[in-house]
Structures are given as structure tokens and as C-alpha cells.
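Take a look at the structure set out below.
In my numbering, the protein residues as written are 841 to 1594.
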């Protein structure tokens, strides 16, 4: 009989008991439950067995492997140490409340944990040694001596060094469990990690027989004790500032021990809600003195701005109170700060010398800071640079513009309409001479603000005004060649012209949708054709969408190219593009058939033709633009194959269609189109990744890792040498020991494979 009809919200249950060959319950084992299907199994959940070896999972119909499926075909997998997996038989059309018990064979019974095996052998070799003094070469020697994987040896050494460094009674087996699951044990970072996530990681380590199940009984108490201990160390300032960004903030803001502790605990309690965090902090008596909250917030902003350069942050906080104060600092002012104290440098590294930094490195560092300030405060930066260059400005009311912006610090050209701002309070122009001329200049600046690049706003706007380009319309009317002749960089010229075209397109669509010239009064005796009403409604909808959310398209994406190419094929009805259209039309006339010769129908019951079949397999062919680039540009066949496979991996096949825009030479060197989401899934970095992919012989595949490796080979640099160079010991838990990146480089593994 057919299965009962269900809905997506129906609830199902699968449960059971996991025991070993002697009948004893297997506890804390990860049970992976799949809905079996051809080609792709769908993970329904991965419960963990309880203290008596029982597991239970509830799922719904919408979790099944394909739409419309009524009952699951249950497959259960239990992963054990040494990558061993125990599978249950597939239960076809499982009951709504299905019980599946498993008994482990003798050959795969849980044995001594990974930590116990490593600790017994490696622990004996390092007994009596100062763990802090072990070098990467020592770790390599221990791995070779014991035949344990180098990452396991490094994890054990790190676990011992972690507890010794913090001088706390904390079970190193917990640290080993975190390390084995890829969780870096930073003392401050552990405080901010979710306790539920931490316990879940440890449960997974228990399920893989990395650490003992019994350790979970004391894990929360030990983590609580660690938290209090680390907070105490932060209070005393005994953890180096390089260990965590917040420690640099504490030092630069000169927070006292009580303030540090309250900041740290409040920050941990309000992760992801910065507004609530600062509100709670401001209500505390510990931050009751005038300006303390503002100074602390400013220091946090400086941490991001300077790359946590603690000495530079402290120096800036002494003389300034907000980011707006920094707008007036010139390039030489910043270089002066960096040159004042030779005990630190632009990189912020403790003990490094400012004089050792090359001029180019310092200039790049300072330029990055100034660009970040302009990005955060574009209008204030424009006002400051205009004020500093009044004599050279081409704006007729430069002084009045500066005066207006200084009197109205809440106004922002990028986010506030000049017309709306002045309409809400006309008195804002009362103290300014010739307010009408000022308004006109403010409108001009705002028009140019919207089409110029984000960096160097004043310089770019000044160049446009000097040459008479005071609006997007004038830029488009002049043409791209004229804009490129102004002395701006090619990227700046292209962006200005592109933004101007979009602005003009929006204005034209708004005019078409709402202007009385195109929307005349309807005469009752002469009815308007339906197609005109449809067009006008579409135009209004488009214009409203652009005005409300800044979305939409320009002329070309709305109506296609406004001219035909004058090349040979563009003027010919026998062109390759025309030939493709003829082929597609020919296929559309051929009825599709099933393998048995019967007529083929789609899911809606419509008769299919050969073009429908082609479109289902290759939807990109029917959506390719019939232009010169797609016709004449040579593209490696493997690039086309990869585009189709990428769409298949991400599940967006039929919804995204690439067009060729680049030059053939460049495309032969590097693909024009790469879907990063597809390679995130293949690298098992995406939330949509199939967790089984990490057990494939060929997966995970990390494109960026492989590319970087090949580039480094070409440069004659090994990944291991690079990892050691970029991860030099800076006073962390283990001085001189091998870094995780270094170990992964030796084994040519990614973090996910590890």
C-alpha cells in the first residue's frame, strides 16, 4: 500500500541503543543519521549517546533528501577512532517512530584514548623538560621518535605548555581535545567562546575517542575556573598585549584592574550586541567619570584603525578625543607620531625599532589609516581638505561650505539629502551670506559626491568642478574619453563615468514614470491601449524601487544595447550569433521523447521539445548575450566546464549566467568567472557543505590553498618557511614551539583537513 501522506511540518523520531560486543553501553558516541538516496545522502542529525548508550533524533518531512518524499530511508553511521565507521543496515521507508539498535563488532571497540596514548609515550620523553623551551625542531624530533602524527605531538606539547604558562590547575586533556578539533586555545578567546559550543566540541572529541568521557563531568567547572583565572591575569596585566586585541585597548585606554575585569565580563556576556554592551558599560559606576566611556570607545576604534598598535593608540588618545579629531591630521603628522618613539614601529611589534621600517612601509601604513578615516567620515574629511585648500578651490562658495559643514557636524553628503536637511530646518542657513548661492553649491557637491570614488573625494570633486563637470548629466554628455583626459587615474575615471551613467538612467526613469509630459490626462473617448498602462506601471515600479533601495539597473540592462556593433558579424544575418539562434529555433520545433519513445512532459504536464531538454542541461546557452565578446573571445574549454560544475555544486544551475567581458589573453591566464561559494563547499568551509566530503579520497579540495602553494613554488618559497616567518613566537603559551600553520605546511594540509 502507498505510504501515508505527510506535510513538511510532520514530526518523525528515530532512536536506539548503542552497545559494545559485551553488551555495555557506548557513551558519548556521535551517531550520524542519514536519509539514504541515490547519489546524495541527506544528514538528518548527529545526536550523541547518553550515559546509558541511548540516542534519539526528531526530524520532519522537509528535511528529507528530495521534495515530495514521504518516508525516510534511514542509514546510521557511528564514527570511531582511527577513522573506523560502523554502519547500520538501511531501513527502507522507516516508521514514523523507528528504533534502530547497534552493537559494535569486537574489532572496533573503543580503546585507549588518543590523548592517553600520546601522553604515555611523549610525556615520558619530555618529563623533566621545560616545555616553554621546546623548539619546532624538538617537536619534529618527538614525532619522528614516537611515530605519532606531528599535529598530535604538537597538540600534547601545547596542552602542557598552556597550563604551565597560565600556572593553573587545568587538565591538559581538555586543551588537547580542543586542539584536536581545530580550536585554538587562546586564553582570552576561550572566555568569549560559547559554553555550549565548547562542550559540543569536547563531546565530539569524546565521540572520536580523543579524550575520556569522564572529563566531561568536570569540564564546565574547569572552564569556569579558567575564566576566573584569566580575568585575574588580565586585571594584573600579566598577559602580553599581543595575545589579544582587547589587551591592547586596556593598555592604551589606561583602564584600571576593576575596569578591565568589568569590561571583559560584560563583553563576553553581550557578544554580538555592541549597543547593549556599551549601554551596560556606561551605566556602571566603574566608568562614571566624565569622558571615560567616550575615551574607551575611541580606543576600540583606534585598535581597528591602527591594527592594534598599542603605543600609537596610547599616544593618540592622549591628544585627541574622537575619530573626527583625526580628520585634520596630515600624512606627515602621522609619520611624526611614528617617529617620536623609537621603542615601537608602524607594525606595533614590541621591541621593534621605528628606524628599521622603510619609508615605503610607513607611507603605506599611514595611507591605510587615512583612507580608513575618510571611509568612516567622508564629509568631515572633505570639509577639512577643502578648508586647507580654500585658495585653490574651484567652488565659488568654498568658505561658506566649510562654515556650513562645521556648524552642522551631523550632516553627511553621502547619507543625507541637502534638500531634505534644509527643508527640515531652514534656519541652518541664517548666518551665511548669499544662502541661495550656497544651496546651489551644496547641491553640486552632493551630486558629485554620489558619482566619485570613496577615496580622495575632495581632490576628485575639485578636478571635475575645475573642468566644468558639475553633474552626472554633464559627465555622460562629455563621454568617457573626455573624463579620462582630466588627469585622474584610469580606475577613478571609469568609476566616475559608470556611476554617472547609472545616475542619469535613474533620473530618466523617474521622469518617464512621473512627469506630466509623459503622463498626460486620459481622454475618456480615446481609451489608452493596455500595453501603455503596463509600460507606465513597470516604469513607476522601477523608479520607486531605485529611489527607495538604490537597487535596479541602468539603460543597457533595462533595454539592451542602444546600438549594434559595426563589425562584420554584428551587421550580418549569417553571424555565429544568428546561427546559434537558428539552431535553438530548430530544436524548439522537435518534440522531445522518453527513452521508450513516449512523449516527454515536464513537471507541470506541458509537452517538452528538444530545446527544453537542452535548457535543462545547459541553461547558460539560452541566456548568452549575442555580442562580439561572447562570439569572438576565445575561452578555455575547461573554464566553461568549471562554470557549469560550480553551478551544480552550489545548486544555482539555471539561475546565473556568465557573460564574457575580458580579453582572451587574460582569460587564458586566469578564469574570468569563479564561484567562490562552490570552492568553499568543496573545501568543506561552507554551512551547506556535506560533512561526508572530508572522508572522500579527493575531498576536501581547497582551491586557494592549492593556488597559493603553486605561486609559492614559482617564487622559490616553501609554505613552511612562510608560516614560520609570519608566526614568530611573541610570548605566547609555548615559546619557540612549532606553529599550527607550520605543521600544516609540512603535511600539506588545510585547516579543514586537519
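The beta carbon of each residue, even a glycine, is placed where N, CA and C say it ideally should be.
Reduced DSSP secondary structure (H/G/I, E/B, other) of residue 1602: The structure shown has nothing for residue 1602, since the chain only spans 841 to 1594.
Straight-line gap, residue 1120 to residue 1099 (C-alpha atoms, nearest Å): Against the chain shown, residue 1120 aligns to sequence position 280. Against the chain shown, residue 1099 aligns to sequence position 259. So the alpha carbons of these two residues sit roughly 13 Å apart.
Residue(s) in a DSSP beta bridge with residue 1447: Looking up residue 1447 in the chain shown gives position 607. Answer is 1441, bridged to residue 1447.
Assigned exposure category for residue 995 - 16 Cβ within 10 Å defines buried: Here residue 995 refers to the residue found at position 155 when the chain shown is read from its first residue. The residue in question, residue 995, is buried, as its Cβ has 16 or more Cβ neighbours within 10 Å.
Per-residue DSSP class, three states only, for residue 884: Position 44 of the chain shown, counting from 1, holds the residue named residue 884. The answer is strand: DSSP assigns residue 884 an E or B state.
Sequence ranges, alpha helix (DSSP H) only - wholly within the segment 1483 to 1516, length at least 4: 1504 to 1509
Beta-carbon gap between residue 945 and residue 861 smaller than 9 Å: Along the chain shown, read from residue 1 onward, the residue named residue 945 stands at position 105. Along the chain shown, read from residue 1 onward, the residue named residue 861 stands at position 21. Taking 9 Å as the Cβ cut-off, residue 945 and residue 861 qualify as a contacting pair.
Distance between beta carbons of residue 1035 and residue 1063, contact taken as under 8 Å: Start at 1 with the first residue of the chain shown, and residue 1063 comes out as number 223. Start at 1 with the first residue of the chain shown, and residue 1035 comes out as number 195. That belief holds up - the Cβ atoms of residue 1063 and residue 1035 are roughly 7 Å apart, short of 8 Å.
Residues bridged to residue 857 (per DSSP): Here residue 857 is taken as the residue at index 17 of the chain shown, counted from 1. Paired residues: 894.
heavy atom of the ligand GTP below 8 Å from residue 1032 C-beta: The model depicted lacks the ligand GTP and carries no ligand whatsoever.
Chain-order list of residues whose beta-carbon lies under 8 Å from that of residue 1501 (same chain, five-residue window excluded): In the chain shown, residue 1501 corresponds to position 661, counting from 1. Cβ within range, chain order: 1469 and 1512.
Spatial neighbours of residue 1233 in its chain, beta-carbon cut-off 7 Å, leaving aside the 5 residues before and after: As a first step, residue 1233 must be located in the chain shown, where it is residue number 393. 1226 and 1302, listed in sequence order.
As assigned by DSSP and simplified to three states, the class of residue 1195: Translated into the one-based positions of the chain shown, residue 1195 becomes position 355. Low confidence applies to residue 1195: its pLDDT is 42, below 50, so where it sits in the model is not reliable, and the reading given next is rough at best. Residue 1195: helix per DSSP, three-state reduction.
Three-state class that DSSP yields for residue 1267 in the structure shown: What you label residue 1267 is simply residue 427 of the chain shown in a count that begins at 1. Here residue 1267 sits in helix by DSSP.
Any 3 or more C-beta pairs closer than 8 Å across the segment 863 to 873 and the segment 912 to 919: yes
Sequence ranges, alpha helix (DSSP H) only - wholly within the segment 946 to 1008, length at least 4: 954 to 966, 976 to 986 and 990 to 1006
Segment limits, alpha helix (DSSP H) that includes residue 1146: As a working note, residue 1146 is residue 306 in the chain shown. Run containing residue 1146: 1132 to 1146, per the alpha helix (DSSP H) assignment.
Contact check, residue 1101 vs residue 1075, beta carbons under 9 Å: The residue labelled residue 1101 in the question sits at position 261 within the chain shown. The residue labelled residue 1075 in the question sits at position 235 within the chain shown. Yes. Within cutoff.
Cα-Cα separation, residue 855 to residue 883: Reading the chain shown from its first residue, position 15 is the one you call residue 855. Reading the chain shown from its first residue, position 43 is the one you call residue 883. Residue 855 and residue 883: Cα-Cα distance of roughly 15 Å.
Outcome for residue 1544 when other beta-carbon atoms lying within 10 angstroms are tallied against a minimum of 16: Here residue 1544 corresponds to residue number 704 of the chain shown, with the count starting at 1. With fewer than 16 other Cβ atoms within 10 Å, it is exposed.
Alpha-carbon spacing of residue 1155 relative to residue 1040, whole angstroms: In the chain shown, residue 1155 corresponds to position 315, counting from 1. In the chain shown, residue 1040 corresponds to position 200, counting from 1. Cα-Cα distance, rounded: 43 Å.
Best match in 1467, 1433 and 1435 for proximity to residue 1420 [C-alpha to C-alpha]: Along the chain shown, one-based indexing puts residue 1420 at 580. Of the candidates 1467, 1433 and 1435, the one whose C-alpha sits nearest the C-alpha of residue 1420 is 1467.
Buried/exposed call for residue 1210, threshold 16 Cβ in 10 Å: Here residue 1210 is taken as the residue at index 370 of the chain shown, counted from 1. Buried, because 16 or more other Cβ atoms sit within 10 Å of the Cβ of residue 1210.
N- and C-terminal bounds of the alpha helix (DSSP H) containing residue 1524: In the chain shown, residue 1524 corresponds to position 684, counting from 1. Residue 1524: not part of any alpha helix (DSSP H); DSSP gives it neither H nor E.
Buried versus exposed call for residue 1503 [16 or more other C-beta atoms within 10 Å across all chains shown]: Within the chain shown, the letter at position 663 stands for residue 1503. Residue 1503 should be labelled exposed.
Cβ neighbour criterion (16 or more within 10 Å) applied to residue 831: The structure shown has nothing for residue 831, since the chain only spans 841 to 1594.
Touch test, the segment 1477 to 1488 against the segment 1437 to 1448, Cβ-Cβ under 8 Å, three pairs minimum: no
DSSP beta-bridge partners of residue 1104: The count along the chain shown starts at 1 and reaches residue 1104 at position 264. Answer is none; residue 1104 lacks a bridge partner.
Closest residue to residue 1206 among 1169, 1051 and 1282 (Cα-Cα distance): To locate residue 1206, count along the chain shown from 1; it is residue 366. Check the Cα spacing between residue 1206 and each of 1169, 1051 and 1282: the tightest is with 1169.
CB-CB length for residue 1340 against residue 1272, believed under 8 Å: Position 500 of the chain shown, counting from 1, holds the residue named residue 1340. Position 432 of the chain shown, counting from 1, holds the residue named residue 1272. 29 Å between Cβ atoms; not a contact.
Burial state of residue 1161 (16 or more Cβ within 10 Å): What you label residue 1161 is simply residue 321 of the chain shown in a count that begins at 1. Exposed: under 16 other Cβ atoms inside 10 Å.
Close Cβ partners of residue 1018 (< 7 Å) along its chain, the five nearest in sequence each way excluded: Walking along the chain shown from the start, residue 1018 turns up at place 178. Within its own chain, the residues whose Cβ lies closer than 7 Å to the Cβ of residue 1018, once the five positions on either side in sequence are excluded, are 1025 and 1041, listed in chain order.
Three-state class that DSSP yields for residue 1086 in the structure shown: As a working mapping, residue 1086 is identified with position 246 in the chain shown. In the structure shown, residue 1086 sits in a helix (DSSP, three-state: H, G or I).
For residue 1316, the first and last residue of its enclosing alpha helix (DSSP H): For this step, residue 1316 is matched to residue 476 along the chain shown. Where residue 1316 is concerned, the enclosing alpha helix (DSSP H) stretches over 1312 to 1318.
Presumed contact (8 Å Cβ cut-off) between residue 1067 and residue 1008, rounded CB distance: For the purposes of this step, residue 1067 is identified with residue 227 of the chain shown, where counting begins at 1. For the purposes of this step, residue 1008 is identified with residue 168 of the chain shown, where counting begins at 1. That pair is no contact at about 11 Å.
Buried or exposed (CB count within 10 angstroms, at least 16 for buried), residue 936: As a first step, residue 936 must be located in the chain shown, where it is residue number 96. Flag for residue 936 reads exposed.
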